[in-house]
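A quick write-up on the structure given underneath.
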Ligand code: UD1
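In the working numbering, the protein residues as written are 24 to 446.
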């Protein structure tokens, strides 16, 4: 088992290139299933969740190759419509394949994606939307069987909450349905926009009113297209937190400042100066001692992203004063707080609220990643901690951060990854 070892306290300087967004790449790869042809997904990050998606595509009969950051998917002929339990469990967001499989094959057999580190992750909204589109859904012993006679039927759907995954599944299912689907209260995350751009490039007809309603006019067939995955705004926010916690100046290239703006106010309140020297470039200059971040409330886009809360909370641990985090999306997102406490962080959690009293210094410790973004919080805290931190359970980080160690060491962090045995 690998561990990450960090000697904290180094100032960082230089440039970090931002990779393609995990949360965009996964639904894009699922979308390629709709196309009886070849699709090219460029700027696709090298992550274990992407590997899991490619395994699912291959299992369903697609030809899949990966060359550098381009994944080519040939879904001309499919050989199956079922995803085995082991593959479903490899990646929690595998449920996004459901809409695409049932639309393409008229049938889909999946199992539940399983429990999640963030608390229960129901899929009731995905299933009820598919039912409205004419799909018969049977759930038995953890298996979900979906079937549709001929084509899905366009309809009007209103989501009670703007679920990202449910919006993606509805888009994938409705693209080739008969008639038009009007989806109200859809998620407005930039990754949804990215998926719509790709689907439209494949010949779909999706229009947004810009305020949460999507109009999806069903077309009879999609054709192959090429698409560049949007930059990862959560990876971007994580490196902003790395600069903030170490009092550093960093330039992030190949990113999308527009979609990351939602985290700027909290960082600016803490004394960071952010500017965009070019449309795809973000420069952050942090004060020698970070201030408090104020009150950070996670919300659906364009609110503060829940996935960026953990890395920023880790930075707030050494900010001067009290910062408050309110988690409004997931029920159980503070597991990593106990690990931060091992490093001397002072955090009180009460339900959805975490109150962080900044301390002058954290101490290096042995800590574990509890989940993907919680793992990023460990790295951020360790960069500022006095002494050495060792981080275990890296499989969580590998789901969502490409070459985290290489990126941070290139800007001066004392960080390395090694086999635990070599220790
Ligand atoms: C996606 C992101 C994840 C991010 C989250 C919120 C991907 C691969 N993952 O997850 O990183 O943290 O959006 O921005 O893109 N819910 C239900 N019933 C459902 C579906 C969702 O109750 O059928 C609830 C969830 O439990 C959660 C909330 O809705 O409390 C939001 O979840 P959702 O937007 O669906 O998140 P994901 O798509 O799973």
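Note that CB positions come from ideal geometry on N, CA and C, so glycine has one too.
The segment 187 to 200 and the segment 144 to 162 touch, with three or more beta-carbon pairs separated by less than 8 Å. Taking C-beta separations shorter than 6 Å and ignoring five residues to either side along the sequence, the partners of residue 331 in its chain run 257, 260, 286, following chain order. Within a 10 Å sphere around the beta-carbon of residue 185 sit 16 or more other beta-carbons, which makes this residue buried. Comparing alpha carbon positions, the residue from 222, 69, 162, 109 closest to residue 79 is 109. Closest option to residue 220, judged by alpha-carbon separation, among 51, 85, 310: 51.
Taking C-beta atoms under 8 Å as the contact rule, residue 102 and residue 133 fail to qualify, at a distance of about 16 Å. If you keep only unbroken beta strand (DSSP E) runs of at least 3 residues inside the segment 351 to 434, you get 369 to 373, 376 to 380, 389 to 391, 411 to 415. Here residue 173 is exposed, its C-beta having fewer than 16 other C-beta atoms within 10 Å.
Here residue 159 is exposed: its Cβ has fewer than 16 other Cβ atoms, across all protein chains shown, within 10 Å.
For residue 202, the closest C-alpha among the options 179, 77, 302 is that of 179.
DSSP places residue 282 outside any beta strand (DSSP E); the residue lies instead in the alpha helix (DSSP H), whose first and last residues are 280 to 283. When DSSP states are grouped into helix, strand and coil, residue 108 belongs to the helix group. The C-alpha of residue 99 is placed about 41 Å away from the C-alpha of residue 26. Taking all protein chains in view, the Cβ of residue 164 is surrounded by fewer than 16 other Cβ atoms within 10 Å, so the residue is classified as exposed.
Taking 6 Å as the cut-off, the C-beta of residue 206 does not count as close to any heavy atom of the ligand UD1.
DSSP places residue 312 in the coil class of the three-state scheme, outside both helix and strand. The beta carbon of residue 249 sits closer than 6 Å to those of 63, all from its chain and outside the five residues before and after it, given in chain order. Taking residue 187 as reference, the option from 206, 88, 210, 417 with the minimal CA-CA separation is 210.
In terms of side-chain proximity, the C-beta atom of residue 330 is found nearer than 6 Å to a non-hydrogen atom of the ligand UD1. Under the Cβ criterion (8 Å, minimum of three pairs), the segment 376 to 396 counts as touching the segment 413 to 420.
When beta bridges are read from the DSSP output, residue 65 appears opposite 251. Residue 188 has its CB nearer than 6 Å to a heavy atom of the ligand UD1. Sixteen is the threshold: when 16 or more other Cβ atoms of the shown chains lie within 10 Å of the Cβ of residue 198, as they do, the residue is buried.
Secondary structure of residue 207 (DSSP, three-state): strand. Per DSSP, reduced to three states, the secondary structure at residue 174 is coil, with no helix or strand assignment. Residue burial annotation: residue 383 is exposed, with fewer than 16 other C-beta atoms found within 10 angstroms of its C-beta. Between residue 252 and residue 46, the C-beta spacing is not below 7 Å. A direct Cα-Cα distance of roughly 19 Å separates residue 353 from residue 422.
In this structure, DSSP gives residue 184 a state outside helix and strand, which the three-state scheme calls coil.
At a threshold of 6 Å, residue 147 counts as near the ligand UD1, since its beta carbon sits closer than that to one of the ligand's heavy atoms.
For residue 34, no alpha helix (DSSP H) run applies, since DSSP gives it neither H nor E.
In the DSSP annotation of this structure, the continuous segment of the beta strand (DSSP E) that includes residue 86 starts and ends at 86 to 90. Around the beta carbon of residue 439, fewer than 16 other beta carbons sit within 10 angstroms, so the residue counts as exposed. If you draw a straight line from the Cα of residue 377 to the Cα of residue 355, it is about 12 Å long.
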